[in-house]
Amino acid sequence: MVNYDPVYLTFNQKPGAIVRGMDEMVAQGERLQNSQKQRRWVPRLLFLAGFPFILLDGLLRVAGYQVCLFSLIAPVCWLASLVLGLSMRRSRALELAPLFTSVRQVIYTLRDDANPKRNFFGHLDLTGTQTKEKLARENSDSFGRVTQLYRDEWLSLKTKLYDGNALRLSAIRREKVRKGYWKRGAISGKTKWKAPKFKGSLQELRLRLSVNPQVYDTANIQTMPVGAQIGPYVIERLDASGGIIDLAAATGSDRITDNDILSVLKAVYDLLKRRDVQ
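Here the sequence shown stands for residues 4 to 281, numbered as in the numbering used here.
Printed below as a string of structure tokens:
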């Protein structure tokens, strides 16, 4: 299992600025990674550099000199090698989750559809699901075992589009985990620790589109059936009343890509009927 570095970004800029900022994060990581590749031999060289000093003192003893002058340099080289090696490990390049790239592509794709005078608002939260702040509730069963339910809104986007529609997009990960507990054996009577158990997860996508009635016919917005599938997502709710399209979709897959999110957005736009331009 790959552990990705936590990333939290707050959006309050034009989409182009957000994309450039995300690209700079990737570029900084690549520069650091290249720099480390060029310097990765230095700790090993410092470690090996200590041995010639020990050998030099040995040769001096053979020659009759009872000194231990150069051998003192060897521990300094080894200590420098250790410190430099640990420092290079701590300053490693960011390991970004695939969702980081997916969100970057979503924003990049929407940049031309956004109102050029409006910012994108929201956040990208890739700090992990099982945190104290994201614990939604706890349930206990008849045996006293506690199941924790987490709600992680890892993506939130809100903006005004070029055609006058207002878009609000939210991606949520729900996770269920049974806490660890002590259990006494019915036969042996011994108490054993049962480790926490992952009980499953669900990815939700919520989309709310306030339709501009001057551009689209809001009186006859089409609908799609609940249960329809768009990529990995299954439509769970769709309300198209009052000039607002409110959609909720879900999938059991954690492999969410930019194409999956954009496909749902395209499907929603396909429901609209553009007014004839006079």
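All C-beta atoms in this analysis are idealised placements derived from N, C-alpha and C, irrespective of residue type, glycine included.
Top-ranked residue by Cα proximity to residue i, from the options
i	options	result
Asp128	Pro9, Lys269, Asn262	Pro9
Arg114	Leu164, Phe201, Ala83	Leu164
Pro119	Ala30, Gly167, Tyr184, Leu274	Gly167
Glu136	Leu172, Tyr153, Ala174, Thr254	Tyr153
Tyr184	Thr150, Leu85, Lys269, Thr221	Thr150
Arg121	Asn15, Met25, Val218	Asn15
Asp257	Thr221, Arg187, Gly234, Gly19	Gly234
Tyr7	Pro101, Arg47, Pro18, Tyr236	Pro101
Pro18	Lys179, Val214, Asp116, Ala30	Asp116
Phe124	Thr162, Thr112, Thr104, Thr134	Thr162
Asn214	Ala169, His126, Gln232	It should be pointed out that residue 214 corresponds to Val in this sequence rather than to Asn. Nearest option by C-alpha distance: Ala169.
Asp220	Met25, Thr130, Tyr272, Ser159	Tyr272
Beta-carbon proximity list for residue i, same chain, < 7 angstroms, skipping 5 on both sides
i	result
Asn223	Lys276
Arg176	Thr132, Asp155, Trp157, Ser204, Gln206
Val109	Asp261, Ile264, Leu265
Arg140	Leu152
Between the CA atoms of residue j and residue i - distance to the nearest angstrom
i	j	result
Leu12	Arg148	36 angstroms
Val5	Leu82	Low local confidence applies: a pLDDT of 48 at Val5 is under 50, so the model's placement there is unreliable, and no value is given.
Thr254	Arg209	12 angstroms
Leu241	Leu274	11 angstroms
Val106	Leu265	10 angstroms
Ser204	Gln225	31 angstroms
Ala174	Asp155	8 angstroms
Gly188	Arg181	19 angstroms
Met296	Glu33	What is shown of the chain runs 4 to 281, which leaves residue 296 out entirely.
Glu98	Trp196	33 angstroms
Distance cut-off 7 angstroms: residue i Cβ against heavy atoms of the ligand NAD
i	result
Leu48	The model on display carries no ligand, and the ligand NAD is accordingly not part of it.
Neighbourhood of residue i by C-beta, 6 angstroms cutoff - its chain only, sequence neighbours within 5 removed
i	result
Val229	Ile238
Contact between the stretch 231-249 and the stretch 134-147 (3+ Cβ pairs under 8 angstroms): no
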